[in-house]
Structure formats: C-alpha cells, structure tokens
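Residue numbers (UniProt numbering): 1 to 199.
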C-alpha cells in the first residue's frame, strides 16, 4: 500500500548510492546475498532473544534489498538477479516468524498462520507476474523491477514495519501476526479478483 508512495522518495538516494557501489565493482548479486545474510542474522538474533540487535540487522538487510536493484540499474541488470532477489526476500520473510517460534514456542500457531498467509499471498504475486510476463504487460509504478509487480493492501514496506514492531514489542507477536496474516489474505484475494478481470 505504501510502496508506491515511498519509492519516489527513496529511489533517488538508493540510485545514487547504487551507482557509487557499481563504480567500485560491486555486483548486484553480492548486495542481494549480503541482504539475505543480514536477514538470516536477524532471525538468529531473534531466536536468541536479542531483539535490539535483530532490529539493526533487519534495517541493514532491507537497506541491501533496496540497494541491489539500484546497483543493477547502474550496471547490467539480469534476469537471474531478479530471481535471486525474490528467493532471498521470501527466505527472509519466512525466517523471521520461524525465529519467533524458536524464542517462544507459544508463538507457534500465530507464526504458522502468518507463514500460511505469506505462502498464499506469495503464490498469487508470483502467478500474476508469470501471466503478466506472458502477456508482455509492463509497469514501473513500484520501481523498475525484473518481474511485474502488482500493488496490494500489504506490500514490502508494511511487512518490514511488522517485523520492526515484532522486535520492539515481542509480547505483541501473537495478535499482530494474526491481524497481519488476515490482511495478507485480503491482499491475496484482491489479487485473485484482479487476475480474474485481467486474464
């Protein structure tokens, strides 16, 4: 919901930094993997109960996730880079709820529901992207991407906000996960309805 509004504000900064990194020989895939590394470190820190350090690692992870595309745009974007970015994002999104189960097994049901909603939403997102590519549909509303991105009630910015909330208020994990998961399913249903109209 907020991604399209945030992109015009952060893209110029990311693009400038991405150009500097590309000029120094940094490759987009290296930045993507660094982002995954920080994301998995965040999950490990959550599992150990170190929420403050986990929050810092989440910020670094998502900064790298924004920079990899900027580095690619400054150099030579590749289809594999877009593929790797999506895979790493999904790995990060799955690792954080899992870590909250490790730190407190009482979070298990809420985490399972959240992961279920991520799974369903991710399926609609990727299936829509495949069919959009087949029909040669293009958009840059959410920035220049390898895949066709559709908006939704919940997107990347909201998910990052959720993970920040989890780290700041871990006692609120259960209700926040259930509410966010329900809204994630609303996003998935809305994308199914959009696909029914478009395809």
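We put the CB at the ideal spot given by N, CA and C, even for glycine.
By the 10 Å Cβ neighbour count, where 16 or more other Cβ atoms means buried, how is residue i classified, buried or exposed?
i	result
residue 105	exposed
residue 175	exposed
residue 141	Because the pLDDT of residue 141 is 49, which lies under 50, any placement of that residue in the model is unreliable, and the question is left without a value.
residue 133	exposed
residue 15	buried
residue 185	buried
residue 18	buried
residue 155	buried
residue 97	buried
residue 58	buried
Where does the unbroken alpha helix (DSSP H) through residue i begin, and where does it stop?
i	result
residue 62	51–74
residue 189	173–198
residue 26	Careful: residue 26 lies outside any alpha helix (DSSP H) and carries neither H nor E.
residue 165	156–168
Can the beta-carbon of residue i be found closer than 9 Å to that of residue j?
i	j	result
residue 62	residue 125	no
residue 178	residue 110	yes
residue 116	residue 181	yes
residue 72	residue 128	no
residue 60	residue 92	no
residue 163	residue 172	no
residue 243	residue 42	The structure shown has nothing for residue 243, since the chain only spans 1 to 199.
residue 67	residue 31	yes
residue 51	residue 45	yes
residue 29	residue 70	no
| field | alpha helix (DSSP H) runs wholly inside the region 80–148, at least 4 long, in chain order | value | 108–134
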